[in-house]
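Residue numbers (the working numbering): 3 to 333.
Glycine included, every Cβ here is placed at the ideal spot set by N, Cα and C.
The structure under discussion appears below in the form of structure tokens.
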Ligand code: EPU
């Protein structure tokens, strides 16, 4: 089996194998897509193959089959936290945005799939009189992406309310208790090659009107202080952990607001947002600007800024057996 697979890969039938795996799972597979169409920054190069599962079972099946046959793969949700470089990405992208299903409410719990929209979930939870995620209202992205990087804002982090999470392992769906996951600041203990399929959240009852009011307040704050409608990936860098410092404030004080390199600009609204403009914007413009900021930050503050967006290099996923990609975005 291994040698069979390897020889098929070596003799150029990799494409046929990918098509076969997708067809067997009943999943649409496409060529000729670009990260520029699939990410909110609207930059990034061509992708070898993109597959679009529509159910958790299909997503688990294709990811499992790719891993087993040594075909490199990577997961993308809404693409709202990824900066993919301009080169050709030679791996299979598993897009989770169609694994949406419906939000299933039962008492204080709600079960959703990874491709479900995070803003929609926040609205639905409020409507059902369930509190715990209203601070996240308006963060663009999918539930899967939010879980992957423990999205947070205005006092709420999604990891705080996860009862169980469904993860694809070896082609199957496994349920992992939320308490077994390490939920850190914009980071979790999930590893590359793990595919998050969905979760059950445990929320708290409260009056819908009160929840909605808190959500509106969070949204208003976001609208007043962060660019919206612009091509962004949210905050570009993490705040220095444990310091109480705001990276955005410090970049602002260094005079970077409005600074432009090619099609990338430091947002005049919030200096921790790098946004892109125009048809010719490239990932390398955003990266050059980000590296310039990091360099000056290092020099002037002695702090090594950590990226909050995920940087996806074209050659980032090795084609070895049983090692999927798994690097994800995607708030
Ligand atoms: N500030 C400035 N100039 C700027 C940006 C901010 O002076 O250009 C000041 C603000 O006026 C405020 C302080 O800095 O006094 C903090 O700003 P903000 O409230 O915007 O918080 P932040 O630390 O910059 C964090 C998260 C955001 C999240 C907000 C609200 C990170 C890296 N950023 O921003 O998350 O929305 O708090 O909870 O943790 C994201 O994850 O993508 C993101 C944007």
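Taking 8 Å as the threshold (C-beta atoms), are residue j and residue i in contact?
{"i": "residue 175", "j": "residue 58", "result": "yes"}
{"i": "residue 53", "j": "residue 97", "result": "yes"}
{"i": "residue 78", "j": "residue 40", "result": "yes"}
{"i": "residue 139", "j": "residue 118", "result": "no"}
{"i": "residue 85", "j": "residue 307", "result": "no"}
{"i": "residue 134", "j": "residue 19", "result": "no"}
{"i": "residue 288", "j": "residue 88", "result": "no"}
Would you say the beta carbon of residue i is closer than 7 Å to some non-hydrogen atom of the ligand EPU?
{"i": "residue 156", "result": "yes"}
{"i": "residue 236", "result": "yes"}
{"i": "residue 188", "result": "yes"}
{"i": "residue 298", "result": "no"}
{"i": "residue 287", "result": "no"}
{"i": "residue 162", "result": "no"}
{"i": "residue 140", "result": "no"}
{"i": "residue 152", "result": "no"}
{"i": "residue 310", "result": "yes"}
{"i": "residue 222", "result": "no"}
{"i": "residue 144", "result": "no"}
{"i": "residue 228", "result": "yes"}
{"i": "residue 231", "result": "no"}
What does the Cβ neighbour count give for residue i, buried or exposed, with the cut at 16 atoms within 10 Å?
{"i": "residue 187", "result": "exposed"}
{"i": "residue 323", "result": "Because the pLDDT at residue 323 is just 49, under 50, the model does not fix this residue reliably, and the point stays unresolved."}
{"i": "residue 337", "result": "There is simply no residue 337 to check, as the chain begins at 3 and stops at 333 in what is shown."}
{"i": "residue 136", "result": "buried"}
{"i": "residue 201", "result": "buried"}
{"i": "residue 244", "result": "exposed"}
{"i": "residue 266", "result": "buried"}
{"i": "residue 13", "result": "Because residue 13 sits at a pLDDT of 47, beneath the cut-off of 50, its placement in the model cannot be relied upon, and the following sentence gives the value as read from the coordinates. Under this definition residue 13 is an exposed residue."}
{"i": "residue 76", "result": "buried"}
{"i": "residue 71", "result": "buried"}
{"i": "residue 225", "result": "exposed"}
{"i": "residue 331", "result": "At residue 331 the pLDDT is 44, less than 50, meaning the model places this residue with poor confidence and gives no usable figure here."}
Please state the DSSP three-state secondary structure of residue i.
{"i": "residue 336", "result": "Nothing about residue 336 can be reported from this structure: the residues present for the chain run from 3 to 333 only."}
{"i": "residue 262", "result": "strand"}
{"i": "residue 184", "result": "coil"}
{"i": "residue 58", "result": "helix"}
{"i": "residue 22", "result": "helix"}
{"i": "residue 3", "result": "Only weak support exists for where residue 3 lies, its pLDDT of 44 falling under 50; the value from the coordinates is given anyway. Three-state result, residue 3: coil."}
{"i": "residue 330", "result": "Residue confidence for residue 330 is low, a pLDDT of 41 falling below 50, so the modelled location carries little weight; the figure read from the coordinates is stated next. Residue state, collapsed to three classes: coil."}
{"i": "residue 338", "result": "As displayed, the chain neither begins before 3 nor continues past 333, which places residue 338 out of reach and without an answer."}
{"i": "residue 87", "result": "coil"}
{"i": "residue 177", "result": "strand"}
{"i": "residue 208", "result": "coil"}
{"i": "residue 324", "result": "Note that residue 324 scores 45 on pLDDT, short of 50, meaning its location in the model is unreliable; the coordinates nonetheless yield the value given after this. Looking at residue 324 - three-state DSSP - the assignment turns out to be coil, as it is neither helix nor strand."}
{"i": "residue 100", "result": "coil"}
{"i": "residue 13", "result": "Reliability fails at residue 13, whose pLDDT of 47 lies under 50, so the model's placement of it is uncertain and no value is given."}
Can you round the beta-carbon distance between residue i and residue j to whole angstroms, since I take them to be within the 8 Å contact cut?
{"i": "residue 241", "j": "residue 248", "result": "6 Å"}
{"i": "residue 169", "j": "residue 196", "result": "6 Å"}
{"i": "residue 74", "j": "residue 319", "result": "4 Å"}
{"i": "residue 55", "j": "residue 29", "result": "5 Å"}
{"i": "residue 80", "j": "residue 154", "result": "Their Cβ separation, rounded to whole angstroms, is 17 Å, which puts residue 80 and residue 154 out of contact at 8 Å."}
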